[in-house]
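Single-structure report; data block below.
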Amino acid sequence: MDQKTDKFPQFLKMLCFVEMWERFSYYGMRALLVLFLTSHLGFTDERAFTIYSLFAATGYAIPILGGFLADKLMGFRNMVLLGGIVMIAGHACMSLVKFEPGLLYLGLSLIAIGTGMFKGNVTNLLSSCYGKDDPERSRGFTLFYVGVNIGAILASISCGYVAHLFGWHYGFGLAGIGMSIGLIFFLKFQNLLGDSGLSPYPELMNKRILGIKIFGIVLIGSFLSSSIIAKMLIHSEFFTNMLIFIGITALGIFIYIISKLSAEQRRKLVALSILVVFFLCFFALEMQLGSLVNLFTERNVINNVLGITIPASISQAINPLSIIIFGFLFGTYMKFKQKYATSMFTLGLLTMAMCFFTLYIGCLNSNIEGKVEYLYLIIAISFMGLGELCIAPLVQEQATTLAPKNLRGVVMGIVMLSLAFSNLAGVAISKFMSVPSVNGKINYLESLEIYKEGFLKVGIFNLMLVIVFLFFFNFIHKVVTNSSCTKN
Numbered sequence: 001m002d003q004k005t006d007k008f009p010q011f012l013k014m015l016c017f018v019e020m021w022e023r024f025s026y027y028g029m030r031a032l033l034v035l036f037l038t039s040h041l042g043f044t045d046e047r048a049f050t051i052y053s054l055f056a057a058t059g060y061a062i063p064i065l066g067g068f069l070a071d072k073l074m075g076f077r078n079m080v081l082l083g084g085i086v087m088i089a090g091h092a093c094m095s096l097v098k099f100e101p102g103l104l105y106l107g108l109s110l111i112a113i114g115t116g117m118f119k120g121n122v123t124n125l126l127s128s129c130y131g132k133d134d135p136e137r138s139r140g141f142t143l144f145y146v147g148v149n150i151g152a153i154l155a156s157i158s159c160g161y162v163a164h165l166f167g168w169h170y171g172f173g174l175a176g177i178g179m180s181i182g183l184i185f186f187l188k189f190q191n192l193l194g195d196s197g198l199s200p201y202p203e204l205m206n207k208r209i210l211g212i213k214i215f216g217i218v219l220i221g222s223f224l225s226s227s228i229i230a231k232m233l234i235h236s237e238f239f240t241n242m243l244i245f246i247g248i249t250a251l252g253i254f255i256y257i258i259s260k261l262s263a264e265q266r267r268k269l270v271a272l273s274i275l276v277v278f279f280l281c282f283f284a285l286e287m288q289l290g291s292l293v294n295l296f297t298e299r300n301v302i303n304n305v306l307g308i309t310i311p312a313s314i315s316q317a318i319n320p321l322s323i324i325i326f327g328f329l330f331g332t333y334m335k336f337k338q339k340y341a342t343s344m345f346t347l348g349l350l351t352m353a354m355c356f357f358t359l360y361i362g363c364l365n366s367n368i369e370g371k372v373e374y375l376y377l378i379i380a381i382s383f384m385g386l387g388e389l390c391i392a393p394l395v396q397e398q399a400t401t402l403a404p405k406n407l408r409g410v411v412m413g414i415v416m417l418s419l420a421f422s423n424l425a426g427v428a429i430s431k432f433m434s435v436p437s438v439n440g441k442i443n444y445l446e447s448l449e450i451y452k453e454g455f456l457k458v459g460i461f462n463l464m465l466v467i468v469f470l471f472f473f474n475f476i477h478k479v480v481t482n483s484s485c486t487k488n
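So the sequence shown is residues 1 to 488, counted in full-length UniProt numbering.
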């Protein structure tokens with residue numbers, strides 16, 4: 001396609017818009033979920049953190065199945081469509097929880113399945129639209145990552161205020177409307193993708209089993225499996241063990257796959273695997289935005305700024321807003337970013353330490369009521385946003401660049417699976433900062449001390465992480481730098 005030579009090709013604009021609305025639906029729900037569980041349903045911090053983390057972990061574990069189905073049967077485009085449909089059904093259930101509480105777990109499981117089918121495949125779809133050596137490829141990935149954060153900003157503000165003013169179910173419903181807009185737009189303008197992302201087996205896709213095409217069978221299977229996952233969310237300990245088993249199994253399969261590749265391909269995937277381990281550690285802390293940091297904001301941050309009361313859920317907009325601001329800077333200096341990509345990854349790890357040290361300093365300077373100035377929260381989350389922009393686009397880009405062409409879906413699934421384990425690790429982090437309540441009430445001075453001690457420990461952990469990464473720096477830098485000049 002001629003449009004591939006443009007800095008902002010039509011397929012990039014279209015996929016950015018679709019992913020923007022998918023992120024709108026996800027972040028709208030994420031901004032509300034833990035607050036809804038603790039304040040409306042009366043769950044303890046620990047229970048709310050567990051549900052939130054397992055829900056998010058499921059959404060990031062399923063992409064390995066979604067990637068396999070895309071590579072071996074359906075193609076990236078069909079998987080994006082299927083994921084969108086399932087997510088809309090999940091948001092519909094969440095909007096009805098007020099009237100039927102039993103729909104909570106079903107809604108979460110549907111959203112998790114839909115997210116898993118959608119997320120990795122839309123990234124691979126973008127990758128397939130670019131040529132491997134396209135000079136605008138790296139710029140496209142960064143701008144794609146920036147563009148989708150517009151959806152996160154809109155969701156955090158609009159869903160947060162709608163839930164605050166009219167009720168939780170309206171906030172969840174608005175998130176579902178966002179996904180519907182994205183899906184309709186994808187169906188209308190998918191011709192901009194040309195032949196990219198189509199099923200590798202079109203004849204098989206048109207076959208019918210019991211009168212139903214393959215797409216319909218996979219869709220029905222997704223809905224049926226949601227009831228199983230819903231039961232597992234209720235029995236969280238069993239579900240956690242099962243996810244760990246899946247992760248170990250996937251790791252074993254991945255090691256076997258690597259062993260069958262050429263020496264050069266193995267070298268590339270080993271470098272990618274190291275990046276993914278640190279990527280996992282970073283996002284174990286980033287995932288705390290929707291749970292731990294959200295409750296800290298609700299309880300111990302002054303929510304009146306310039307005379308305006310800001311609901312805690314609105315703070316979720318700070319992260320994507322900072323990503324957009326820093327992202328445009330990175331887009332302007334893209335040549336610098338490409339040359340020093342590994343250094344920027346190191347910077348990303350360091351900024352997470354700065355984030356939690358800033359929150360710690362904020363706690364040290366709290367008022368007599370145990371409340372922290374909102375400015376500390378803005379600075380801390382902005383550090384996190386800068387770190388995310390340094391780390392996530394690089395890993396996503398290298399997952400599609402370093403992997404052999406016939407394994408890109410599976411490799412992207414592995415990257416998403418690492419985010420599942422980020423959430424499981426996040427359970428442990430958030431649990432040691434859980435705040436006990438007495439008759440449903442929180443002592444803000446007590447919660448401040450718990451958060452303060454926890455923020456300091458997390459900051460120190462991140463500094464240690466940076467030191468460990470420096471041991472692998474030269475090896476990863478060589479592989480990443482050479483990847484744009486070699487082909488699988």
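Built from N, CA and C at the ideal position, the CB exists for glycine as well.
Pick from the options that is closest to residue i, judged by C-alpha positions
i	options	result
C16	G459, N319, G426 and G147	G147
K431	V466, F49, V479 and L65	F49
K13	Q288, G75 and G140	G140
L193	A152, I246 and F76	F76
E446	S418, G176 and G370	G370
L470	P200, L359 and F278	F278
G176	Y444, I153, M94 and L251	M94
Y52	K441, I450 and L424	L424
L375	L306, M433, A31 and A399	L306
P404	M433, P320, L269 and Y444	L269
Backbone CA spacing between residue i and residue j [nearest angstrom]
i	j	result
G178	Y26	9 Å
Y340	H477	8 Å
F282	F475	20 Å
A428	L210	46 Å
K231	L224	12 Å
I85	Q316	25 Å
V480	I220	41 Å
S196	V122	11 Å
V97	I229	17 Å
G459	S156	26 Å
I323	P436	34 Å
M29	I150	15 Å
L212	I181	Inspection of the sequence shows that residue 212 is occupied by Ile rather than by Leu. Near 27 Å, if we compare the C-alpha coordinates of I181 and I212.
L183	L347	36 Å
F336	L143	Note on F336: pLDDT 49, under 50, position unreliable in the model; no value is reported.
G90	G173	10 Å
Q276	I368	Correcting the residue identity first, residue 276 is Val in this sequence and not Gln. Roughly 43 Å separates the two Cα atoms.
N406	S418	20 Å
I467	L349	10 Å
L386	R23	18 Å
K441	N303	18 Å
A70	C159	32 Å
L272	N482	13 Å
Q398	I318	27 Å
Which of helix, strand or coil DSSP assigns to residue i
i	result
N319	helix
I234	helix
T44	coil
N443	coil
V146	helix
K98	coil
I378	helix
N206	coil
N462	helix
N304	strand
K188	helix
I368	coil
I229	helix
I153	helix
F336	Note that F336 scores 49 on pLDDT, short of 50, meaning its location in the model is unreliable and no value can be drawn from it.
I244	helix
K431	helix
I212	strand
Q3	Low per-residue confidence applies at Q3: pLDDT is 49, beneath 50, and the placement is therefore not dependable, though the value from the model is reported in the following sentence. If DSSP states are grouped into helix, strand and coil, Q3 belongs with the helices.
Residue i Cβ short of 7 Å to the ligand SAM heavy atom set
i	result
V372	Looking at this structure, you won't find the ligand SAM or any other ligand, since it has none at all.
Integer Cβ distance of residue i from residue j, believed to fall under 8 Å
i	j	result
L389	F328	Contact flag wrong, Cβ pair sits at about 10 Å.
L359	F421	Not confirmed; about 24 Å, so no contact.
C363	L448	6 Å
C-beta neighbour in chain D for residue i, strict 8 Å
i	result
Q10	No chain D appears in this structure, which consists of one protein chain only.
(message) I'd like to know if the stretch 98-108 and the stretch 175-190 are in contact, where contact means that at least 3 CB-CB pairs between them fall below 8 Å.
(response) no
(message) Would the stretch 51-71 count as touching the stretch 238-245 if we require 3 or more Cβ pairs under 8 Å?
(response) yes
(request) Report yes or no: do the stretch 412-420 and the stretch 63-78 share at least 3 C-beta pairs separated by less than 8 Å? (result) yes
(message) With three or more C-beta pairs closer than 8 Å as the rule, is the stretch 369-389 touching the stretch 285-298?
(response) yes
(message) Taking 8 Å as the cut-off, does the stretch 115-130 touch the stretch 253-264 (at least 3 CB pairs, one atom from each stretch)?
(response) no
(message) Within 8 Å, do at least three Cβ pairs link the stretch 352-362 to the stretch 108-122?
(response) no
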